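Worksheet for the structure shown next.
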Amino acid sequence: MSLILIIEQILNGLQFGVMLFLMAAGLTLVFGVMGLINLAHGSLYMVGAFAAAAVAGATGSFVLALIASLAAAAAAGAIVELVVIRRLYARDHLDQVLATFALILIFSEGTRWLFGSFPLFLEVPRYLSGPVTLPGGIQYPLYRLAMIVIGLLIAAGLFWLIARTRIGIQIRAGECDREMIAALGVDISKLYTLVFALGAALAGLAGALVGAIQSVQVGMGEPVLILAFVVIVIGGIGSIKGALVGALLVGLTDTLGGVFLPRFFELFLAPASATSVGASLASMLIYILMAAVLLVRPLGLYGGRT
């Protein structure tokens with residue numbers, strides 16, 4: 089097992105982790121501030137991917153495609169919050185789950201009606217295609233490296249937004265005591281719409297970025313949504329820092345486990361059996377990680393309230 093392979097897989101895990109962070113950050117904001125379980129968050133990821141693929145196909149511009157993904161997902165999120173979600177804040181979590189599950193079906197069938205059942209493809213732009221040489225002579229895809237940088241820059245921007253701006257103060261206050269900030273004159277309805285649109289935009293951007301390395305298809309957001317829920321449970325509900333740490337842990341665990349566990353079992357089993365056993369255990373690793381974290385910290389790594 090070479091050092092180059094290990095470093096490449098660590099970078100792959102970081103890339104996967106920062107994309108999970110973009111999904112989980114919006115999800116944890118919505119759940120932390122609004123107390124809302126939003127199963128339709130993965131559909132907003134899909135909306136961003138399809139918007140990016142459509143705009144890139146029409147204009148040939150990857151930058152415009154990313155802007156379209158942000159705008160389309162944010163607009164879809166704001167409309168959903170105004171039309172549907174706003175009626176669910178006072179309802180119990182079962183009603184929220186049922187309503188947002190219905191939204192998944194609506195988004196899926198609406199996307200299939202607009203774009204058809206066949207997958208779309210979003211090409212990596214020429215200026216980000218090909219490998220880049222890292223220290224030590226490691227060849228790594230430039231686009232994946234750019235995804236890591238973009239994700240970390242957005243994480244830094246979110247930390248600044250939450251910690252240093254007036255909107256961030258209102259978001260943190262709304263998480264702690266929404267009745268009090270409403271009494272102090274903050275329009276809580278507008279704040280909720282803003283938070284929901286921000287979370288939707290982040291999910292849409294993640295879908296667009298990932299859409300360039302895999303096909304864009306109906307239902308692509310649901311598997312990522314499951315991992316995003318694992319991330320916020322590990323990191324702690326309502327914590328952006330927890331979402332980042334949890335996403336990186338999940339990304340690295342999933343990627344390294346999938347690559348190296350089968351190789352480990354080849355030391356004891358036949359290659360076919362080692363691959364089967366290793367792949368099965370690798371798919372369980374992130375849930376084992378979640379269980380281990382919850383045994384030690386039931387509220388997650390950075391969870392601050394029940």
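Heads up: the sequence shown begins at 89 in our numbering, then just goes up one per residue.
We put the CB at the ideal spot given by N, CA and C, even for glycine.
Given the structure is predicted, the values throughout are model-derived calculations rather than measurements.
Scanning its chain for C-beta atoms nearer than 6 Å, with the 5 sequence neighbours on each side dropped, one finds around residue 188 the residues 126, 127 and 128, in chain order.
Counting along the chain, the unbroken alpha helix (DSSP H) around residue 231 starts and ends at 230 to 252. Rounded to the nearest whole angstrom, the CA to CA distance from residue 326 to residue 232 is 28 Å. With contact defined as three or more Cβ pairs closer than 8 Å, the stretch 333 to 349 and the stretch 104 to 112 are in contact. Checking the DSSP bridge columns, you'll see residue 208 partnered with 304.
Relative to the Cα of residue 157, the nearest Cα in the group 344, 389 and 286 belongs to 286. With 16 or more other Cβ atoms from the protein chains shown falling within 10 Å of its own Cβ, residue 280 counts as buried. In the three-state reduction of the DSSP assignment, residue 127 falls in the coil class, being assigned neither a helical nor a strand state. Residue 196 and residue 142 have their C-alpha atoms some 16 Å from each other.
Taking C-alpha positions only, residue 204 is separated from residue 133 by approximately 18 Å.
Residue 290: member of the alpha helix (DSSP H) spanning 276 to 299, first to last residue. Per the coordinates, the alpha-carbon of residue 219 lies some 48 Å from the alpha-carbon of residue 176. Pairwise C-beta distances place the stretch 116 to 124 out of contact with the stretch 297 to 311, as fewer than three of them are shorter than 8 Å. Under DSSP, residue 220 takes part in a beta bridge, and its partners are 228.
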